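Protein sequence lines correspond, in order, to chains A and B. Going left to right, the first sequence walks through residues 3 to 112 as my numbering numbers them. Going left to right, the second sequence walks through residues 3 to 112 as my numbering numbers them. Even glycine gets a Cβ: it sits at the ideal position worked out from N, Cα and C. Please read all numbers here as calculations on a predicted model, not as lab measurements.
2 protein chains.
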Amino acid sequence: MGLAKTEIFSDEQNEIAGFAKVFGHPARVAILQHLFKINTCVCGDLVNEIGLAQPTISQHLKELKLLGLIKGSVEGTSVCYCINTEKWLEMKGILNQFLNQDIAQQGDCC
Amino acid sequence: MGLAKTEIFSDEQNEIAGFAKVFGHPARVAILQHLFKINTCVCGDLVNEIGLAQPTISQHLKELKLLGLIKGSVEGTSVCYCINTEKWLEMKGILNQFLNQDIAQQGDCC
DNA sequence: CATATTAATCGTAATATTGCAATGTTAAGA
DNA sequence: TCTTAACATTGCAATATTACGATTAATATG
């Protein structure tokens, strides 16, 4: 089917999956890393930085924007992208809660 | 194409994406949460716990096993699954490094 | 041995994702 | 206004993912 049965899972589970999915592709990881590294707005060099065609980068940016992880503001003919710190922290909190589940666990049992 | 151009990205980027991808589906999030909650081996009740068919669960378990996040040992006619703590911690470290990138960042610029 | 139980695998349908060429849009500069 | 630039959108081909029915494999149990 290719279609996830999201309705049988909790909002929390779907939220975790939603955020994680966006990192599930190396191009988006690379884009985010670059945005962090530059530390100031990037305007268009992502296409040169990463080795993918312009429409492909544009599409990945769109997905990141849809989740709210990045912001884009038009700057003349170019567009300036940067991390949305607030949303990033929110996501970090949610994912960390999931990743830190193990503290109570005392070891493997298999 | 549906095929990610992994060769143009660094090993680190591909590794982050690989781990994240596995959480990119709520069923796998649910499976992991349940394995943590039970805190002892779960053998087959995952199918009842989560509302998906047995082959579907089996497939998700396979992916989790492939990455090394869970271990399974045969226990009679059933199979006992549990978290692979060592691998989980390794993954946590890698993802945390990615999620914590923001510390140096001083705010949005758009 | 016959049968039931449990889980893996196979095959397949439906849908999603990835990537890009072609094209559209918008704003700057000549 | 015309042209160029920087992106976004559209449309499509190739591949991946998700889900499940049917089947298979392995082990208990009567």
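| Members of the stretch 52 to 69 of chain A near chain B, C-beta cut-off 8 Å | So the list reads 52, 53, 54, given in the order they occur along the chain.
Can you pull out the residues from the stretch 28 to 42 of chain B whose beta carbon lies closer than 9 Å to at least one beta carbon of chain A?
Here the close residues are 28, 29, 30, 31, 32, 34, 35, 38, 39, 41, 42.
**Message:** Suppose the cutoff is 7 Å on Cβ atoms and the five residues either side in sequence are ignored; what does the same chain contact list for residue 51 of chain B look like?
**Reply:** Cβ within range, chain order: 36.
Whole-angstrom distance between residue 16 of chain B and residue 58 of chain B, CA atom to CA atom:
Rounded to whole angstroms, residue 58 of chain B to residue 16 of chain B spans 26 Å at the Cα level.
Self-check item: Range of the contiguous alpha helix (DSSP H) that encloses residue 77 of chain A
Solution: Here residue 77 of chain A belongs to no alpha helix (DSSP H); instead the beta strand (DSSP E) covers 72 to 77.
Assigned secondary structure, residue 12 of chain A (DSSP; H/G/I helix, E/B strand, else coil) | Residue 12 of chain A carries a coil assignment under DSSP once its states are collapsed to helix, strand and coil.
Would you please verify whether the beta carbon of residue 50 of chain A is less than 9 Å from any beta carbon of chain B?
Residue contact with chain B for residue 50 of chain A: absent (no Cβ-Cβ distance below 9 Å to any residue of chain B).
Notebook entry, point to check: How would you label residue 95 of chain A, buried or exposed, when you count the other beta carbons within 10 angstroms and need 16 or more for buried?
Noted result: Classification for residue 95 of chain A: exposed.
- request: Measuring only between beta-carbons, confirm whether residue 97 of chain B sits less than 9 Å from chain A.
  value: Yes, its Cβ sits closer than 9 Å to a Cβ of chain A.
| task | Taking residue 26 of chain B as the query, report the chain A residues whose CB atoms sit under 7 Å from its CB, ordered along the chain. | result | For a Cβ distance threshold of 7 Å, residue set 19, 22, 23, 26 of chain A lies close to residue 26 of chain B, ordered along the chain.
For residue 81 of chain B: DSSP bridge partner residues
Note: residue 81 of chain B is bridge-paired with B:76 in the DSSP secondary-structure output.
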